[in-house]
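Chemist: Take a look at this one; I'll ask things after.
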């Protein structure tokens, strides 16, 4: 009843405190009322202070007899101000005249009882005129004249300065300096900083620290203005969080609505009306309705290309399909976009480019180029694989051709796939020179996204059905997949397996299929391709992504006999990784995961001998495996993509102030170019819940907020 009786709360007649929805509605209204009341009180206080200042000015103006203003004169009435304008100007001129040298002489002569002769009057008049011209030249004001005269008189000050003025006469050095200072002060006056300019002229301002004091004052004023204008003093976390949640909801709704809006706009822009069977559009509809003897798609496009592109303005095709299905002499499209352009051969791209007016080439030059497989001739080296192994030769891509031709390009630096920036840190550092921008993970210090699984496996190099496979590793990966499927939280994440050769891929695929587990079968054949469990070799993984990637290295130690001694070592044969461009294949394989990477390896990466490696692929593999093992054991420093940002004293001071208040906070959170200046955690948790970005050098260097 008490709640229902509050007039400013719009509650329903059956409102009850036992209904959570009723309570939530009242709380929201109460928060708004409290915020409004606080703002109203602040405005009322400011209005009261302003009235006192206006009353003081009004009383001062009314007290000046010469102005002869009415008793109810007020500065808030434009007519009242206009009435006093001319008398005030005359009074200012009179003040200058009274302060002239001749006026002082006349007053002194009269006080001494001496008569003022016509000659005296003429001389005094000439002095007065000259003085007026001087005042005009130097643009003197009553305030500046009073400041110069001080406790003396005008005539006394002139006599005092006659000798210095005469000495300065030939060059006017001092006068020029003074004129320059006066001009500089006008900048302050035009910025409504008359008090500061007057203080500099009077010598009351410490010039050595003037600029620093000015900056302090500017910052203090800006802070006050931000607090007042932004209503930060009345910041309400609940209301702010509600606004953020509403923005996220509307943004998602906007994306959903655009799936309807864009097709609707495309339909509206068609030059023909639906179901109006006239002209080429009608002929096209009749052609498509035929059950037999239809024309081929190339002929259809040649005859009805404009109509088809109005109906379907965006074609998704492979370069080969473009050559086969679109007429070579057509230009139905404004733009052709090549995705994954690093894998498109120049010869395959040229026909598609010729069928559009402009081209956009999108790709990553650090990822796999187009390649072709061929049978490698048998070699005599002990490290060679059997003769039937297929080698890979890289070809030139349209992306590489465009870069070498110095065409305009734009580097996209924001990385979005990895939910934990540690997943991309190795590639960011070794392939992208630390330029990728990744967002820090809130729990970066507590968990690692990369897991190391050492396996006592053996890579089979003998001819037979198990050639170039590691059965122990394959079994370990299958067991890990089953473990994740059996764990409720882990089973929600999609999975993919990447191997360094095709034989290992076939073995793992076979083991999964032979399990007879309906859950595994469902994952392998999931209707949603993005959720499907895949098992692919290194060459086929580009373009795919999963929540979790399981990487099977497969290679292992081999017992090698050299003379009378035998030793276990890792053979220097790594398939495509050891060829030119092998590092790009590795880059693709290790950047497919959104949340986790699990590395299964049957050897210690420290034992890899890469001194004789011609290209970087094998060297990079060793570094990555060493990093994965270290990070999995808690070596978070190995995930740094860039060196830490230089120390920021302002940030450190703020951090110290937070610590003094007993708040758990860390500075400089992140491992890429983008860092969180300060992260704040709840007292009972090390996991940050609040990120603070400071307007410092790092912020100024960013062209966007991210």
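In full-length UniProt numbering, the protein residues as written are 1 to 706. Beta carbons: idealized from backbone N, C-alpha and C, even for Gly. This structure is a prediction, so every number in the text was calculated from the model and none was measured.
Counting only runs that start and end within the stretch 640-706, where is the beta strand (DSSP E) found for 3 or more residues in a row?
Modeler: As far as the stretch 640-706 is concerned, its whole beta strand (DSSP E) runs of at least 3 residues are 664-669, 676-681 and 688-692.
Chemist: For residue 441, which three-state DSSP category applies?
Modeler: Here residue 441 sits in coil by DSSP.
Chemist: Under a Cβ-count criterion, where at least 16 other Cβ atoms within 10 Å of its own Cβ denotes burial, should residue 689 be classed as buried or exposed?
Modeler: Label assigned to residue 689: exposed.
Chemist: Can you tell me where the beta strand (DSSP E) with residue 601 in it begins and where it stops?
Modeler: 593-602 is the span of the beta strand (DSSP E), which, as asked, contains residue 601.
Chemist: For residue 165, which three-state DSSP category applies?
Modeler: If DSSP states are grouped into helix, strand and coil, residue 165 belongs with the helices.
Chemist: Compute the distance between the beta-carbons of residue 454 and residue 601, then report whether it is under 8 Å.
Modeler: In contact: residue 454 and residue 601 (Cβ atoms closer than 8 Å).
Chemist: Just the Cα atoms here: how many angstroms apart are residue 472 and residue 542?
Modeler: Residue 472 and residue 542: Cα-Cα distance of roughly 26 Å.
Chemist: Would you kindly work out how many angstroms separate the C-alpha atoms of residue 20 and residue 239, rounded to a whole number?
Modeler: When rounded, the distance between both Cα atoms is 18 Å.
Chemist: Use the C-beta contact count for residue 474: other C-beta atoms within 10 angstroms, 16 or more gives buried, fewer gives exposed.
Modeler: Buried.
Chemist: Determine the direct distance from the alpha carbon of residue 266 to that of residue 333, and round the result to whole angstroms.
Modeler: Taking the straight line joining both Cα atoms gives about 15 Å.
Chemist: May I ask which residues mark the beginning and end of the alpha helix (DSSP H) holding residue 122?
Modeler: It spans 118-137 - the alpha helix (DSSP H) in which residue 122 sits, taken as one unbroken run.
Chemist: So, helix, strand or coil for residue 448, using DSSP?
Modeler: Coil, per DSSP.
Chemist: What number of angstroms, rounded off, separates the C-alpha of residue 596 from the C-alpha of residue 419?
Modeler: Whole-angstrom Cα-Cα distance: 9 Å.
Chemist: Using 10 angstroms around the beta-carbon of residue 125, count the other beta-carbons present and answer buried if the total reaches 16, otherwise exposed.
Modeler: Exposed, because fewer than 16 other Cβ atoms sit within 10 Å of the Cβ of residue 125.
Chemist: Starting from the C-beta of residue 3, find all residues in its chain whose C-beta is less than 8 Å away, skip the five residues before and the five after it, and write them out in chain order.
Modeler: Within the same chain, residue 3 has close Cβ partners 9, 11, 15, 17 and 26.
Chemist: Please return the same chain residues whose Cβ sits closer than 6 Å to the Cβ of residue 677, not counting the five positions on each side in sequence.
Modeler: Taken in chain order, the residues that qualify are 651, 692, 693 and 694.
Chemist: Between the stretch 516-530 and the stretch 474-485, do at least 3 Cβ pairs fall closer than 8 Å?
Modeler: Flag = yes, the stretch 516-530 and the stretch 474-485 touch.
Chemist: Pull up the distance between the alpha-carbon of residue 64 and that of residue 168, whole angstroms please.
Modeler: Each residue's alpha carbon lies about 42 Å from the other.
Chemist: Along the chain, where does the beta strand (DSSP E) that runs through residue 335 open and close?
Modeler: From DSSP, the beta strand (DSSP E) with residue 335 extends over 333-338.
Chemist: Once DSSP output is grouped into helix, strand and coil, what is the label at residue 531?
Modeler: Reduced to three states, the DSSP call for residue 531 is helix.
Chemist: Counting Cβ pairs, one atom from each stretch, are 3 or more of them under 8 Å apart for the stretch 319-329 and the stretch 347-358?
Modeler: Yes: at least three Cβ pairs fall under 8 Å.
Chemist: Taking the beta strand (DSSP E) that residue 496 falls in, what are its first and last residues?
Modeler: Per DSSP, residue 496 belongs to the beta strand (DSSP E) from 495-499.
Chemist: With three or more C-beta pairs closer than 8 Å as the rule, is the stretch 496-514 touching the stretch 573-580?
Modeler: Yes: at least three Cβ pairs fall under 8 Å.
Chemist: Could you pull out every residue in the same chain whose Cβ sits closer than 7 Å to the Cβ of residue 377, ignoring the five residues on either side in sequence?
Modeler: With a pLDDT of 44 at residue 377, under the threshold of 50, the modelled position of that residue is not reliable, and no figure is offered here.
Chemist: If you drop the 5 nearest sequence neighbours on each side, which residues of the same chain put their C-beta closer than 6 Å to that of residue 197?
Modeler: Once the five neighbours on either side are set aside, the close Cβ partners of residue 197 are 185, 188 and 189.
Chemist: Closest to residue 580 by C-alpha separation, out of 663, 434 and 370, would be which residue?
Modeler: When each option's Cα is compared against that of residue 580, the closest is 370.
Chemist: Once the 5 residues before and after residue 342 are set aside, which same chain residues still bring their CB inside 7 Å of it?
Modeler: Cβ neighbours of residue 342 beyond the five flanking positions: 363, 364, 365, 367, 368, 369, 397 and 399.
Chemist: Pairs of beta-carbons, one from the stretch 271-281 and one from the stretch 301-321, closer than 8 Å: are there three or more?
Modeler: Segments in contact, yes.
Chemist: Quick check: the stretch 654-672 against the stretch 614-634, are there 3 or more CB pairs under 8 Å?
Modeler: Because the criterion of three Cβ pairs below 8 Å is not met, the stretch 654-672 and the stretch 614-634 do not touch.
Chemist: For residue 379, which residues of its own chain have a beta-carbon under 6 Å away from its beta-carbon, when the five flanking residues on both sides are left out?
Modeler: Residue confidence for residue 379 is low, a pLDDT of 42 falling below 50, so the modelled location carries little weight and cannot support an answer.
Chemist: Whole angstroms are fine: how far does the CA of residue 486 sit from the CA of residue 340?
Modeler: Cα to Cα, the separation comes out at about 36 Å.
Chemist: I'd like the list of long-range same chain contacts for residue 227, defined as Cβ closer than 8 Å, with 5 residues on each side in sequence excluded.
Modeler: Here the set comprises 233.
Chemist: Could you tell me if residue 181 is buried or exposed, where buried requires 16 or more neighbouring beta carbons within 10 angstroms of its beta carbon?
Modeler: Exposed, by the Cβ-count rule.
Chemist: What does the alpha-carbon distance come out to for the pair residue 31 and residue 244?
Modeler: So the two alpha carbons sit approximately 17 Å from each other.
Chemist: Looking only at its own chain, which residues have a Cβ that is under 8 Å from the Cβ of residue 208, when we skip the five neighbours before and after it?
Modeler: Cβ within range, chain order: n/a, list empty.
Chemist: Suppose the cutoff is 6 Å on Cβ atoms and the five residues either side in sequence are ignored; what does the same chain contact list for residue 555 look like?
Modeler: Only 459 meet the Cβ criterion.
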